[in-house]
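Comments concern the structure below.
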Amino acid sequence: RESKGKFPKYPGLERFKLLEKMGDGAFSNVYRAQDLQGEFQEVAIKVVRKFEMNQSQGDKHLHPEFKKQPKGVERANILKEVQIMRNLDHPNIVKLVSFSESPQFYYIVLELCPGGELFHQIVRLTYFSEELSRHVIVQVAKALYYLHEEKGVVHRDIKPENLLFYPIPFIPTKNPKPKGPEDEDKADEGEFAKGIGSGGIGLIKIADFGLSKVVWDSQTMTPCGTVGYTAPEIVKDERYSKSVDMWALGCVLYTLLCGFPPFYDESIQVLTEKVARGQYTFLSPWWDDISKSAQDLISHLLTVDPEKRYTIQQFLEHPWIRGSAEETTAAA
Ligand code: ADP
Ligand code: MG
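The opening position of the sequence shown corresponds to residue 120 in full-length UniProt numbering, with each subsequent residue numbered one higher.
Here's what the structure looks like:
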């Protein structure tokens, strides 16, 4: 698909053939790549550029904040992201394959999610049906349950760009091979192998642990720090940081169901005010046909007081999640 020599040569990455750029961030590039050793499996490689304190030739293009950052801090952050991922093993979390570095770059080799970002699917489909939204959000919630309750990890950057997926294979029935452009629309009359909504979205995986943090020690099942000497604000901080993910989960669910986020304004100041006050509405006509149960669930997540906001357990017990999970199994 891509022409040769299109990507830079990265020292130390010779065992991989870069195939396609999948993500393009300020500090990192993510590539789809083939592992030339072993089983020729495809992986995703997140290449993060290292920066020096003393400015050299290329540095004038960098973000001013980035120039100031001492190398040690940045290294610690990358190592933390990798360290946290190393300790995770869940079907709804992107797996770390390996980590290495060269003088200029860090290489984080990850399980490839061939579908890419959920974000693009929201754009493609405008919004998701309740069934498809549930199919997606339940998987995100299962990953969060694992992180919060089993690993003591908070993600802190849950958003549609960091939710990746595996597509469900599309099985054309009517017209498997379009012969010309006039046939193209007919080619769509197939169905997805598992037929969840019409989204073609299968397994969902949480990615990007760049901002994640360990809030309690999974060895001792206590908040991080010395047992018995833990201050109340540390215990509370643990709860508050988990509730940060729950707020984000509410924003994602809202966005899935209607196609636009609950909080938006051109002005950052106004937007910040709206968020601080929890000022959002189920805007008509877009929300008119969405169930009251879904709205109820969202309202328990977009609750300003973190003490009153739903935890991940409460989320999983809500009728909109549970009741229809039964429906789905009954139908299957
Ligand atoms: P950043 O810290 O720059 O946001 P991410 O880890 O979120 O880095 O990766 C950036 C983008 O790269 C993602 O939003 C996604 O589009 C793509 N990407 C990252 N990891 C994978 C993966 N395992 N499979 C497919 N695409 C990925
Ligand atoms: Mg990201």
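Even for Gly, the Cβ is constructed at its ideal location relative to N, Cα and C.
May I ask you to report which of helix, strand or coil DSSP gives residue 366?
helix
Reducing DSSP to helix, strand and coil, say where residue 135 ends up.
strand
Short Cβ contact (9 Å threshold) for residue 416 with residue 439:
yes
Under a three-way DSSP split, which group does residue 442 fall into?
helix
Can you check DSSP and say which residues form a bridge with residue 219?
226
Pick helix, strand or coil for residue 350, following the three-state DSSP scheme.
coil
What residues are listed by DSSP as bridge partners for residue 150?
140, 164
So if I measure from each beta-carbon to every heavy atom of the ligand MG and keep distances below 6 Å, which residues remain?
280, 281, 327
Cβ neighbours of residue 357 in the same chain (closer than 7 Å, five flanking residues each side left out):
334, 335, 342
Measuring only the C-alpha atoms, how far is residue 209 from residue 265?
8 Å
For residue 271, which beta-bridge partners are listed by DSSP?
Partner(s): none; residue 271 has no beta bridge.
Starting from residue 235, follow its DSSP beta bridges and name the residues at the other end.
284
How many whole angstroms separate the CB atoms of residue 169 and residue 225, which I take to be in contact at a CB cut-off of 8 Å?
7 Å
Nearest to residue 338 (by Cα), restricted to the options 150, 141, 402, 268
268
Going straight from the alpha carbon of residue 234 to that of residue 363, what length do you get?
27 Å
Helix, strand or coil: which one does DSSP assign to residue 391?
helix
Here's a check: name, in chain order, each residue in its chain whose Cβ is nearer than 7 Å to the Cβ of residue 219, leaving out the five neighbours to either side.
131, 226
What is the DSSP secondary structure of residue 421, counted as helix, strand or coil?
coil
Under the criterion of a Cβ to heavy atom distance below 8 Å, does residue 268 qualify as lining the ligand ADP?
no
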